[in-house]
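For reference, the structure discussed in these notes is given below.
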Amino acid sequence: MPTVPLVNSPSVSPTTTSGARYSAPGLVKPDAPNGARFNTRPQEVQVDTRQLMADANRPNPMRESLSRLSDIAMKVQLDAEEQANQVRVNEALNQAVQSRLALTYDPEQGYVHLQGKAALDRPDKKSLSVEYGEKYQETLSSIAAGLGNDKQRAIFMEKAGALSTQFQGGLMEHTAKEFSNHSLSVQSGTIATNIGQMGLMFGDPDALAQSVSAIKAATAEEGRLRGWSGSEVEATTIKNLSMGHATVIKSAIDADMHEFADEYFKIHKGELSNEARLTVTKLVDEGVMEAKVQRVSDGLLDKYGADTSAAMSEIREKYQGKERAEIETRVIARVKQERDFLKQRQDDVMTQAWTTLQSGGKLSPSVLAQMHPEDREKLRKYQRSRAEEGNVARKTNIAAWLAFADTPPAELAKMTAGDLLRNYGNHMSDSDLKSAQGKIVAARAAVEKGDHSGLQLFTVQDAVKTGARDLGIIPKTGSKLSDSQQEALDTFKHKIQDKVNNWEAQNPGKRASNELIGEIVQKEKVNVARVRGFFRDETKPVITMDDDDLGKAYVTVRAADGKGIDKVPLASVPASYRMDAIQRRKARGLPVTESAIAQMWVADGKPKN
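For the sequence shown, the numbering used here assigns the number 849 to the initial residue and increments by one for each residue that follows.
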């Protein structure tokens, strides 16, 4: 055991004996006078070191308790410091996670909302991963700087490294995804652009070849990006080329280049899908057919003009099946179109000529030359009648006015000024012609508000026939009719049909019933007039009268003074007054009969219009 020297202190030296020799210096007695000392003669004390060692190793409960308390206190202090550090580190990590989420998903700054070119082409020319990586590192450094000690910063930066790695991984994955999507978008745009280009440049072989190559290359690149197999790439290439070739063929057909379309199809049909091939075949066949039909119909019209019978004879002689049907339809349509155009022009000339005559003017030879021969003859007849009548106003034929008044609104709306003058010009006075023209204009306005062109065609023939029997138009028994009876029945049917159409036009959405037809017949049964005869006058329903009967028909009403009888011919009531009277009675819900109209006319003083 080494010797530890102490100045002015006891010294201990090891010995080979079982004890140790101990020398103590003299000690000064504190209270001794004049510094008297104790016995200062060195004393030697024998010490047993083995006993000392044994005593030192012997358990000491107090010493051990103190040692344990010291350890516990040290551990508590260390745990408190560790816990405080961990709380600060956890708080900092929460901030780091929130920052990462904001840079990832925030609507304004999150990178996941940067797509396509916006994700690949950044304003500062940095890649998205570098740009956002730097932003995140700046955030982590700022958070670390706010920690309380180096140990906290060390722990935080160690754990934040994992968050940074995850953030970078998400950035790289997003960038790769957007690059793939952008590349796919570019390829799709290339394909679509070249398909459209083929339709526009169908007459340029070099441009078509370039577009085909571009479509093939873009489809192959799309397949690589999507990981397609070779068969998938081939199938998609055929699909894309099919659209391009079909666009070329359709554009050629629209440009009437049917032979080019047929030839192009034959060359490229190997690059068309089965479905596209069927569609294009139909387009080409229809285009070739259209070209032939147009060519043949033009030739026939040039050869025969409006003589459709001669044209049809040649068509039936040279063509068969669908081809013949198409050519016949085209020729008929073209002739009708030209006739309609000619009729419209003749209507315009007729209206112009009639207006000129009514105003006292004269017709020029050029106007007469443009008129239909029948229209020209009617105008000359009108001129002759005016010359014969002098200043006497022409009267309206009541039968003509009734025929006009019974015209269904849908048909009335289609009537042109030329039709009116052509059919009624010589049968109505000038004032009634103007009134009729006003009715046509009103009918057009009514039809424009609600389409009455599809008015119901009356099909309940039994109800009509029953009414005809009740009115005496046909015999009450038997089914066989004479020609005159059948003609009378057909006329009656047309008149009932007109009344049904008028009712349906005034009641949109409703359809005539058997009850309505019965009501119409009952009303017509009481609407009677007397027809002057050679031996005696006959009472007949007005609806059964022909034009000759209407010209001789009259009704008997009270005189204006209420004391006598007035015999009123139906033709004497002005047509315009008749129309107004009908409307007034209908507005009040009163029945409309010739007797009622004549009574109103007499009561009003028999006005001239």
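Don't be surprised by glycine CBs; every beta carbon is placed ideally from N, CA and C.
So for residue i, helix, strand or coil by DSSP?
{"i": "tyrosine 1167", "result": "coil"}
{"i": "arginine 1432", "result": "helix"}
{"i": "arginine 1228", "result": "helix"}
{"i": "threonine 865", "result": "For threonine 865, the predicted structure reports a pLDDT of 48, less than 50, and the residue's modelled location is therefore unreliable. The matter cannot be settled from this model."}
{"i": "isoleucine 1321", "result": "coil"}
{"i": "glutamate 1386", "result": "strand"}
{"i": "arginine 1380", "result": "coil"}
{"i": "valine 1440", "result": "coil"}
{"i": "aspartate 1414", "result": "strand"}
{"i": "alanine 1401", "result": "strand"}
{"i": "arginine 1182", "result": "helix"}
{"i": "arginine 1406", "result": "strand"}
{"i": "lysine 1456", "result": "coil"}
{"i": "alanine 1066", "result": "helix"}
{"i": "methionine 849", "result": "With a pLDDT of only 43 at methionine 849, under 50, the local geometry of the prediction cannot be trusted, and the value read off the model is given with reservation. Coil, per DSSP."}
{"i": "phenylalanine 1050", "result": "coil"}
{"i": "aspartate 1155", "result": "coil"}
{"i": "arginine 970", "result": "coil"}
{"i": "lysine 1328", "result": "coil"}
{"i": "leucine 962", "result": "coil"}
{"i": "leucine 1211", "result": "coil"}
{"i": "threonine 1264", "result": "coil"}
{"i": "proline 1221", "result": "helix"}
Using only the alpha-carbon positions, how far apart do residue i and residue j sit?
{"i": "glutamate 1171", "j": "histidine 1030", "result": "52 Å"}
{"i": "alanine 1139", "j": "glycine 1047", "result": "20 Å"}
{"i": "arginine 1232", "j": "leucine 1268", "result": "19 Å"}
{"i": "alanine 950", "j": "arginine 1072", "result": "34 Å"}
{"i": "valine 945", "j": "tryptophan 1076", "result": "39 Å"}
{"i": "methionine 1418", "j": "alanine 1217", "result": "One point to set straight first is that residue 1418 is leucine, not methionine, in the sequence displayed. Whole-angstrom Cα-Cα distance: 39 Å."}
{"i": "leucine 995", "j": "arginine 936", "result": "7 Å"}
{"i": "lysine 983", "j": "glycine 958", "result": "12 Å"}
{"i": "tyrosine 1272", "j": "alanine 1261", "result": "16 Å"}
{"i": "valine 1034", "j": "alanine 1068", "result": "13 Å"}
{"i": "serine 1059", "j": "asparagine 1042", "result": "5 Å"}
{"i": "leucine 962", "j": "phenylalanine 1015", "result": "16 Å"}
{"i": "valine 1215", "j": "aspartate 1188", "result": "19 Å"}
{"i": "lysine 1328", "j": "glutamate 1335", "result": "13 Å"}
{"i": "arginine 1462", "j": "tryptophan 1202", "result": "The question about residue 1462 has no answer here: the residues shown for the chain are numbered 849 through 1457."}
{"i": "asparagine 1375", "j": "tyrosine 1230", "result": "34 Å"}
{"i": "alanine 993", "j": "glutamine 985", "result": "12 Å"}
{"i": "leucine 1227", "j": "asparagine 1274", "result": "8 Å"}
{"i": "serine 796", "j": "lysine 1434", "result": "Residue 796 is absent from the model: the chain starts at 849 and stops at 1457."}
{"i": "methionine 1263", "j": "glutamine 1333", "result": "31 Å"}
{"i": "methionine 1393", "j": "proline 1213", "result": "42 Å"}
What do you get for residue i, buried or exposed, if any count of 16 or more other CB atoms within 10 angstroms of its CB means buried?
{"i": "glycine 874", "result": "Any reading at glycine 874 must be qualified, since the residue scores a pLDDT of 49, below 50, and its modelled position is unreliable; no value is offered."}
{"i": "glycine 1266", "result": "buried"}
{"i": "glycine 1145", "result": "Reading the sequence as shown, one finds serine at residue 1145 and not glycine. The residue is buried, with at least 16 neighbouring Cβ atoms inside 10 Å."}
{"i": "alanine 1154", "result": "exposed"}
{"i": "threonine 1013", "result": "exposed"}
{"i": "valine 1421", "result": "buried"}
{"i": "valine 1289", "result": "exposed"}
{"i": "tryptophan 1413", "result": "Before going further, note that residue 1413 is isoleucine rather than tryptophan in the sequence given. Classification for isoleucine 1413: exposed."}
{"i": "arginine 898", "result": "exposed"}
{"i": "arginine 1074", "result": "exposed"}
{"i": "glutamate 1176", "result": "buried"}
{"i": "asparagine 933", "result": "buried"}
{"i": "alanine 1451", "result": "exposed"}
{"i": "isoleucine 1115", "result": "exposed"}
Do residue j and residue i come within 8 Å of each other at the CB atom, strictly closer than that value?
{"i": "lysine 1347", "j": "isoleucine 1368", "result": "yes"}
{"i": "arginine 1270", "j": "methionine 1198", "result": "yes"}
{"i": "leucine 1011", "j": "tyrosine 980", "result": "no"}
{"i": "valine 1179", "j": "alanine 1159", "result": "yes"}
{"i": "lysine 1371", "j": "proline 1439", "result": "yes"}
{"i": "glutamate 1442", "j": "valine 1379", "result": "no"}
{"i": "valine 1132", "j": "aspartate 1104", "result": "no"}
{"i": "valine 1295", "j": "proline 1257", "result": "yes"}
{"i": "threonine 1325", "j": "methionine 1276", "result": "no"}
{"i": "leucine 941", "j": "alanine 1040", "result": "no"}
{"i": "threonine 1038", "j": "alanine 1066", "result": "yes"}
{"i": "leucine 1148", "j": "glutamate 1162", "result": "yes"}
{"i": "threonine 987", "j": "serine 947", "result": "yes"}
{"i": "tyrosine 1112", "j": "isoleucine 1101", "result": "no"}
Shorter than 8 Å from the beta carbon of residue i to some beta carbon of chain C?
{"i": "alanine 1284", "result": "This model lacks chain C altogether, as it is built from one protein chain only."}
(message) Would the region 1335-1347 count as touching the region 1315-1326 if we require 3 or more Cβ pairs under 8 Å?
(response) Contact check between the region 1335-1347 and the region 1315-1326: three or more CB pairs, one atom from each, fall below 8 Å, which counts as touching.
(message) Tell me whether the region 1089-1101 and the region 1116-1128 touch, counting them as touching only if at least three CB pairs, one residue from each stretch, are closer than 8 Å.
(response) Flag = yes, the region 1089-1101 and the region 1116-1128 touch.
(request) Specify whether the region 1020-1027 and the region 950-970 touch according to this definition: at least 3 beta carbon pairs, one from each stretch, less than 8 Å apart. (result) At 8 Å Cβ cutoff, the stretches touch.
(request) Could you tell me whether the region 1397-1411 touches the region 1426-1434, where touching means 3 or more Cβ pairs closer than 8 Å? (result) Cβ pair count under 8 Å is below three, so no.
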